[in-house]
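Same order as they appear, the protein sequences are chains A and B. Numbers 155 to 530, taken from our numbering, label the letters of the first sequence in order. Numbers 13 to 107, taken from our numbering, label the letters of the second sequence in order. Some notes on the structure that comes next.
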Amino acid sequence: MPQKLKDKTGPAVSRVMRTPRSVTVEITARCNLRCRYCYFFNNPVVEYRDLPADEWLKFFDELGSLGVMEVILAGGEPFIREDLRLLIDGIVRNRMRFAFLSNGGLISDETATFLAGTGRCDYVQVSVDGSCAEVHDSCRGKGSFDAAIRGIRTLQRHGVGVAVRATIHRSNVHDLENIAHFLLDELGLPDFGTNAAGYMGSCRGNADDVLLNIVERKEAMATLLRLAAKYDGRISANAGPLADGRMWHRMEEARTQNAPAFNNGGHLTACGCTYSKIAVRADGVIIPCSMLAHLELGRINHDSLAEIWNNSPVLNQLRNRHTIPLSGFEFCAGCSYIPYCTGNCPGLAYALTGIVDHPSPDACLRRFLKEGGTIE
Amino acid sequence: MNQTDRPIANSIVVLREEFDDWAVLFNSDTADAVGTNPVGVAVWKLMNGKRSIEDIVSQIRKSFGDVPEAVSKEICTFVNTLADNGFVGLALESK
Ligand code: SF4
Ligand code: SF4
Numbered sequence: 155m156p157q158k159l160k161d162k163t164g165p166a167v168s169r170v171m172r173t174p175r176s177v178t179v180e181i182t183a184r185c186n187l188r189c190r191y192c193y194f195f196n197n198p199v200v201e202y203r204d205l206p207a208d209e210w211l212k213f214f215d216e217l218g219s220l221g222v223m224e225v226i227l228a229g230g231e232p233f234i235r236e237d238l239r240l241l242i243d244g245i246v247r248n249r250m251r252f253a254f255l256s257n258g259g260l261i262s263d264e265t266a267t268f269l270a271g272t273g274r275c276d277y278v279q280v281s282v283d284g285s286c287a288e289v290h291d292s293c294r295g296k297g298s299f300d301a302a303i304r305g306i307r308t309l310q311r312h313g314v315g316v317a318v319r320a321t322i323h324r325s326n327v328h329d330l331e332n333i334a335h336f337l338l339d340e341l342g343l344p345d346f347g348t349n350a351a352g353y354m355g356s357c358r359g360n361a362d363d364v365l366l367n368i369v370e371r372k373e374a375m376a377t378l379l380r381l382a383a384k385y386d387g388r389i390s391a392n393a394g395p396l397a398d399g400r401m402w403h404r405m406e407e408a409r410t411q412n413a414p415a416f417n418n419g420g421h422l423t424a425c426g427c428t429y430s431k432i433a434v435r436a437d438g439v440i441i442p443c444s445m446l447a448h449l450e451l452g453r454i455n456h457d458s459l460a461e462i463w464n465n466s467p468v469l470n471q472l473r474n475r476h477t478i479p480l481s482g483f484e485f486c487a488g489c490s491y492i493p494y495c496t497g498n499c500p501g502l503a504y505a506l507t508g509i510v511d512h513p514s515p516d517a518c519l520r521r522f523l524k525e526g527g528t529i530e
Numbered sequence: 013m014n015q016t017d018r019p020i021a022n023s024i025v026v027l028r029e030e031f032d033d034w035a036v037l038f039n040s041d042t043a044d045a046v047g048t049n050p051v052g053v054a055v056w057k058l059m060n061g062k063r064s065i066e067d068i069v070s071q072i073r074k075s076f077g078d079v080p081e082a083v084s085k086e087i088c089t090f091v092n093t094l095a096d097n098g099f100v101g102l103a104l105e106s107k
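Put into structure tokens, the structure is as follows:
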């Protein structure tokens with residue numbers, strides 16, 4: 155429609171969506187697995203209990219009335235809910251689409267048939283951390299690899315979109331080449347995503363066994379960058395060694411060439427999630443994101459989501475993170491990467507420093523280099 | 013039953029008014045989305061199966077200032093695009 159027409163009622167002028175586009179719902183606090191690096195379990199601020207279906211259905215009605223486009227069903231393990239079909243009916247009835255974050259182990263033919271029949275399932279993301287049971291099961295438990303692959307094949311058979319995420323840790327860092335071959339060549343997936351185990355939840359108690367040390371991190375970065383080139387666009391990352399490797403190469407190149415600051419550089423600009431997304435814990439508490447589960451914004455069916463979305467001081471503070479300069483942090487004092495750095499994920503920053511409005515030490519290039527890392 | 017020339021919005025389509033004047037029409041069955049401006053939003057809201065395109069154009073002229081001559085053609089194109097993508101149908105004649 156022509157842009158020159160003037161609306162007599164006047165436009166909104168904020169970059170924030172008027173309502174969230176996507177809502178992540180931790181639909182259950184139960185899981186059939188106990189992964190050693192799980193970010194979800196062992197978070198002292200979370201009350202691990204499930205809400206009855208009618209609470210979620212009422213909430214989905216609210217989401218529908220706000221024009222939310224997609225509900226991401228997470229957990230725990232979302233397929234563990236016995237009343238899942240009822241919940242999905244509630245999403246479909248409210249003109250929304252949905253997706254799952256799953257370990258894949260509880261997906262039956264009947265479930266896949268049902269998902270396909272709705273026509274509204276964007277994808278089921280299944281975690282696969284190894285090219286074989288020995289590697290995958292090392293962190294996720296015996297039998298979990300076979301179950302995940304069975305789940306993926308079941309979804310494929312029924313034409314439900316599958317996304318795979320590989321979380322990189324000490325036990326699979328030497329298996330990355332095989333993982334890529336297995337997922338892309340053998341399973342025939344169009345692509346897969348990668349991230350890394352982070353210092354959150356259960357991982358805090360297993361950090362020494364799970365988190366990559368500096369040598370492994372270098373290896374993961376180099377291998378993933380090589381594989382991403384080899385498989386041309388079929389391996390992606392928003393976080394973890396591949397994302398860091400790509401970002402840090404750009405930063406190093408810019409620094410050595412004394413290039414102008416990046417558009418988003420020099421401030422805590424990394425996270426834009428709060429402009430279009432929000433999340434809900436299994437106990438019904440509304441939070442900005444699953445990685446910031448301690449920031450309680452309200453409770454479903456007690457507090458208006460629209461009100462929280464538009465007026466929550468906590469959300470607005472997160473949205474204004476991009477105005478905080480890195481030069482003001484003692485942590486960044488004297489760093490020559492400041493014009494090119496975004497400070498990275500606030501969830502990880504909080505997990506490591508106890509402060510949300512802080513750069514994440516995990517994604518700090520200067521620290522990585524100081525500890526012996528290199529950018530090749 | 014015969015079709016009329018009165019467009020009717022597909023009830024499965026969600027209207028999301030976004031920031032900076034923009035809105036999105038989202039078809040949750042197909043995951044297709046069409047971005048539009050405030051005039052498109054007004055047109056969308058007027059497509060109730062009771063108004064012809066001419067009725068809609070004249071309503072838009074009343075609601076917006078500085079309306080150029082070409083608006084009628086632009087609204088026709090917009091409605092046709094939506095119809096091609098299954099966002100809009102034509103109302104049926106009532107008996
Ligand atoms: S990481 Fe996922 S599958 Fe593993 S225990 Fe946590 S919720 Fe369950
Ligand atoms: S010290 Fe680390 S976080 Fe701070 S600007 Fe430098 S690279 Fe970025």
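In this text, a Cβ means the ideal position worked out from N, Cα and C, and glycines have one as well.
Identity of the residue in the options nearest residue i by Cα
i: residue 444(A); options: 211(A), 229(A), 220(A); result: 229(A)
i: residue 270(A); options: 243(A), 282(A), 286(A), 257(A); result: 243(A)
i: residue 31(B); options: 74(B), 100(B), 48(B); result: 48(B)
i: residue 25(B); options: 412(A), 218(A), 210(A), 192(A); result: 218(A)
i: residue 110(B); options: 68(B), 76(B), 77(B); result: This structure leaves residue 110(B) out entirely; chain B is present only between 13 and 107.
i: residue 66(B); options: 86(B), 77(B), 39(B); result: 86(B)
i: residue 341(A); options: 421(A), 254(A), 284(A); result: 284(A)
i: residue 478(A); options: 472(A), 333(A), 421(A), 339(A); result: 421(A)
i: residue 42(B); options: 97(B), 105(B), 88(B); result: 97(B)
i: residue 308(A); options: 290(A), 263(A), 331(A); result: 263(A)
i: residue 16(B); options: 71(B), 82(B), 77(B), 62(B); result: 62(B)
i: residue 522(A); options: 511(A), 489(A), 510(A); result: 489(A)
i: residue 223(A); options: 212(A), 200(A), 253(A), 321(A); result: 253(A)
CB-CB length for residue i against residue j, believed under 8 angstroms
i: residue 208(A); j: residue 183(A); result: Contact flag wrong, Cβ pair sits at about 17 angstroms.
i: residue 191(A); j: residue 328(A); result: Contact flag wrong, Cβ pair sits at about 17 angstroms.
i: residue 94(B); j: residue 53(B); result: Not really, about 12 angstroms apart at Cβ, beyond 8 angstroms.
i: residue 215(A); j: residue 251(A); result: Between residue 251(A) and residue 215(A) the Cβ distance is about 16 angstroms, and since that is not below 8 angstroms, they are no contact.
i: residue 299(A); j: residue 260(A); result: Not confirmed; about 14 angstroms, so no contact.
i: residue 472(A); j: residue 500(A); result: 7 angstroms
heavy atom of ligand 1 below 6 angstroms from residue i C-beta
i: residue 194(A); result: yes
i: residue 189(A); result: yes
i: residue 357(A); result: no
i: residue 443(A); result: no
i: residue 185(A); result: yes
i: residue 197(A); result: no
i: residue 530(A); result: no
i: residue 349(A); result: no
i: residue 231(A); result: yes
i: residue 257(A); result: yes
Chain B within 7 angstroms of residue i, Cβ atoms only
i: residue 166(A); result: Confidence at residue 166(A) is low in this model, with a pLDDT of 29, below 50, so the placement of that residue is unreliable and no value is reported for it.
i: residue 223(A); result: yes
i: residue 354(A); result: no
i: residue 250(A); result: yes
i: residue 172(A); result: yes
i: residue 169(A); result: yes
Any chain A beta carbon closer than 7 angstroms to residue i
i: residue 28(B); result: yes
i: residue 64(B); result: no
i: residue 92(B); result: no
i: residue 68(B); result: no
i: residue 20(B); result: no
i: residue 31(B); result: yes
i: residue 99(B); result: no
i: residue 40(B); result: yes
Beta-bridge partners of residue i, as assigned by DSSP
i: residue 60(B); result: 20(B)
i: residue 180(A); result: 228(A)
i: residue 432(A); result: 177(A)
i: residue 251(A); result: 224(A)
i: residue 346(A); result: 389(A)
i: residue 277(A); result: 253(A)
Residue i CB to nearest heavy atom of ligand 2 below 6 angstroms
i: residue 492(A); result: yes
i: residue 480(A); result: yes
i: residue 520(A); result: yes
i: residue 19(B); result: no
i: residue 489(A); result: yes
i: residue 513(A); result: yes
i: residue 499(A); result: no
i: residue 293(A); result: no
i: residue 88(B); result: no
i: residue 495(A); result: yes
i: residue 486(A); result: yes
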